[in-house]
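Line by line, the protein sequences are chains A and B. If you use the numbering used here, the first sequence corresponds to residues 44 to 160, in order. If you use the numbering used here, the second sequence corresponds to residues 55 to 703, in order. We put the CB at the ideal spot given by N, CA and C, even for glycine. All values derive from a computational prediction rather than experimental measurement. This report refers to the structure that appears directly beneath it.
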Amino acid sequence: MKKRILYAFDDLCNGCKNCEMACSFANSKEFNPRKSKIKVSRVVYEGRNYHTIDCDGKCPDGSPQCVFVCPTGCLTYVTKEDAAKMNYELAMKREIQPIFKFIAPWKWKYPWRPWPK
Amino acid sequence: MPLGNGNILGGHGLNEKEIIWLEGKVSKQNLPKEWMRDFIGCRGINSKILYDEVNPNINAYDPQNKLIFGTGPLEGTPIGMGRVSITTKSDRGCIGEGGFGGFWGPELKYAGYDHVVIEGISKKPCYIWIDDEIVEIRNAEHLWGMDTWQTDRTIKEEIDDFDIQIAYIGPAGENLVHSSTILTDLCRSGARSGCGEVMGSKKLKAIAVRGSGGVQVADPEEYKKLWRTIHSAHDHYHTDDIYVPIYYVFGSCGIAKMYNFSGGLQTRNAQEGEFADFDEVSPEKYYEKYAVRGTACFCCPYAAEGKWHEVNEGEYAGTKGKNLWAGNLHSFSALIGNSNLAAIVKLVDDCNKLGMDNYFIGYSIAFAMECYERGILTKDDVDGLELYFGNHNAAVELTKKIAYRDGFGDLLALGVEKASKKIGRGSERYKLTVKGNELEMMPWRNLYQAALGLATSESGPDHTKWYPPYPSNPRLISPELLKELDLDLDLKSVFMPRTPEGKAKFMKFRYDSSSFLECLPTCIYMPRGKLGIDFRPWVRILNSCTGLDFTLKEVMNVGARLGTLDRAFNVREGFRRKDDSVPRRMKEEPVGAQFYGPLKQEDFDKMLDEYYEFQGWDKKTSIPTKKILEELGLSYVVDDLKKYKVEVK
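Below, the structure is given as structure tokens:
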């Protein structure tokens, strides 16, 4: 199997810090952002969020917990090649459906079920 | 740097049970352990401190009035959602309680404090810097007059840390404008209670916090399981709850559309129930045109409950900010008849920068517009503004005037209730206020349970004390669930929106369970999705967090205790049944194309009678009875009320 990496699509991040909490909880059984291997920098005046990751994806709880709790699909655990492809896919899908400005197309199978009117 | 005779109070740490009062200028103190059992934390302990220490002889701007920030046992963990409760005595005399999410609460918890109590009045403008054990009161003369964004940036540069969290007021709070807010994270505001003006009256501009600690839970395995339960309950893909997908994608502003569709969006100062131009300002338009990225509070399971927006064209080009809520969308579109979406975004951002409550601005502008259209106010009265419904330029202008108390704005800054008294000439007919505070988005005439909730909530009309007023999907509530919640309800009558039957009992349940959730604290929008109204997972979360053994009955009692204590505070201040009132318009005028008649007084009285009965309060006066006070372990309140010549039966 090819080596997978933790990759963050920063443009999809809403800055909720679920990943920081999941990481510190998995590694130290404590909720403490300073013990997290992932750090979200919130540039509040621009509404942008950036990730700094220092992790090889080997989580004490098995699969990376940060990816599991990410509500937007911004954090992924994929191969380098897949990540590059997903970046392209994201840009293309955004042209068709503005929903992908906020939620990753790979988070849920699209199209979603019928919308309540 | 004295803050008058200021006191700052810290609360119980989760594990170490270390309780800290800051004494003298700044004192740290432990909270009594039994308070944890009786009030859990956050809003509960805030109310307890307020009741015990603020007596009715002082007004809101008195040095002895207290401004209390509270976090609770779940704060700093993901389920806490960063909620903070702010409690004070408001300028209207009643209890003022508002809360914000964001990241300030967890940071305070990581610094080792649960509650911060501020009293006294500073001689010069100041701000408080809390860095773990170090608590300083710093000079803020250079910050005075700055808007919230500048304040945030300046303090961060001063401390040289981009990651600290700050709660601040804007110019409106400094100028003691009615119902001004305390904000954090630029746009999260503790509103609807007037805590901003109390903070302004204390000459306190901001509280900056940095914490380097962490929070441990008693049972990590159980906690993790429950964290997953809550995440999967809000999985919009598999849920039965129609609110969840709307929240997940559009954020709360999607809800405004539902209200408009059902004829419950109060339009043009609530003269109508549907806004014909709503398609121009619909959440979909906002989402396509201006929304750029998602934003969220601390550990929110919703992907995009708020949005970062940018306006790049037209007369409001250059506006950027975040979070257009349902209430914002309603109060700046339908309520003032405005169908320009960019103007709504501009108004929201102005309110956030100036530190004002959106509902207050919406209702006061709508009130002024109606008075202007009916000829009660002339052009000279309103400084030459063309205040007809739909004129968004005038609305933007007037918002600034209110914040800086300039000209006509000075009058409106008193709040609609006082302003209408000053204007006279029959303008009282068009004010929409309860307990001196403006209304909000929830409809009165076609949702009776909402009317009951808005009229009875202790700090003026506030839906967050009991939301949602009905379970969003009937299928989510099975008879077994009701049995387990020990709730004897006729579901059919609860779902009928325009009958008085069965509403009181359900609202009592909503009040108690919401109060419990706010004591944890957690976001009250969480028992949703697959959970329906089922909040039992939170009882287990509380137990797994603290290692205590709360039962369902006990936590419902905590909710009831908090409701009754808040009521007792208001009763001591002179509030009675007559203050749980319906605005004139809702009782006399019908609404909407589908023709909803007015809310009949006898129907409302029936609901209110039943509600007081379930709460155990006296029907005539709404004073809590001796029996219920003793049952809830509040017997000291009986003696206290007697001291202030309140007749407790």
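Under the Cβ criterion of 8 Å, C98 (chain A) is not counted among the residues facing chain B. Rounded to whole angstroms, S393 (chain B) and N323 (chain B) show a C-alpha spacing of 15 Å. Here the region 354-373 of chain B makes contact with the region 305-313 of chain B; the two share three or more CB pairs at distances below 8 Å. C-alpha of K433 (chain B) to C-alpha of F216 (chain B): approximately 47 Å in a straight line. Look at the region 103-191 of chain B and you find these whole runs of beta strand (DSSP E), each 3 residues long or longer: 121-124, 138-143, 149-154, 169-172, 180-185. Of the residues B:D657, B:K374, B:G429, the one whose Cα lies closest to the Cα of T553 (chain B) is B:D657. Chain-ordered, the chain B residues with CB closer than 7 Å to the CB of W151 (chain A) read Y291. Only those residues of the region 329-348 of chain B whose C-beta falls short of 8 Å from the nearest C-beta of chain A are listed: Y341, E342, A345, V346, R347, G348.
In the DSSP assignment, the residues bridged to P678 (chain B) are B:W671. F414 (chain B) places its beta carbon less than 8 Å from that of S233 (chain B). Listed along chain B are G348, A357, A358, each with a C-beta nearer than 8 Å to that of T115 (chain A).
Taken through DSSP and simplified to helix, strand or coil, W592 (chain B) comes out as helix. In terms of CA proximity to D404 (chain B), B:K374 leads the group B:D659, B:K374, B:L574.
If you look at R626 (chain B), you'll find it isn't in any beta strand (DSSP E); it sits in the alpha helix (DSSP H) that goes 606-626. The region 101-121 of chain B makes no contact with the region 207-215 of chain B, as fewer than three CB pairs between them are under 8 Å.
Among the bridge pairs identified by DSSP, A221 (chain B) is matched with B:T238, B:I261.
A Cβ-Cβ separation of about 6 Å places W520 (chain B) in contact with M561 (chain B) under the 8 Å criterion. Between F157 (chain B) and G136 (chain B), the C-beta gap is smaller than 8 Å, which places the two residues in contact. Separation of the CB atoms of L574 (chain B) and L85 (chain B) is rounded to 16 Å, and the pair is thereby denied contact status at 8 Å.
When Cβ-Cβ separations below 8 Å define contact, V436 (chain B) makes no contact with chain A. By the criterion of at least three beta-carbon pairs nearer than 8 Å, the region 143-155 of chain A is in contact with the region 108-116 of chain A. A Cβ of chain B is located within less than 8 Å of the beta carbon of K72 (chain A). Excluding sequence positions up to five before and after Y164 (chain B), its CB lies within less than 8 Å of the CB of G130, G265, S266, G267, G268, V269, all in the same chain and listed in chain order. The Cβ-Cβ distance between K72 (chain A) and D97 (chain A) does not fall below 8 Å.
If the five residues before and after I430 (chain B) are omitted, its C-beta is found closer than 6 Å to the C-beta atoms of R479, S481, all from its own chain and listed in chain order. Residue environment: M640 (chain B) is assigned as buried (16 or more neighbouring CB atoms within 10 Å of its CB, all protein chains considered). As for any alpha helix (DSSP H) of minimum length 4 sitting wholly inside the region 285-358 of chain B, the runs are 297-304, 307-315, 337-343, ordered along the chain. As the crow flies, the alpha-carbon of S385 (chain B) is around 13 Å from that of M410 (chain B).
Judged by DSSP in its simplified three-state form, Y502 (chain B) adopts helix.
The region 53-68 of chain A and the region 339-359 of chain B touch, with three or more beta-carbon pairs separated by less than 8 Å.
When rounded, the separation of the alpha-carbon atoms in E608 (chain B) and L237 (chain B) is 33 Å. Under the three-pair Cβ rule at 8 Å, the region 244-261 of chain B counts as touching the region 171-181 of chain B. Contact annotation, D633 (chain B) with K455 (chain B): C-beta distance approximately 30 Å; criterion of less than 8 Å not satisfied.
Residues K45, K46, R47, I48 of the same chain have their beta carbon placed closer than 8 Å to that of T122 (chain A), with the five preceding and five following residues left out of the count. As computed with DSSP, H446 (chain B) is found in no beta bridge at all. Excluding residues up to 5 positions away in sequence, I182, A221 lie with their Cβ nearer than 6 Å to the Cβ of I261 (chain B) in the same chain.
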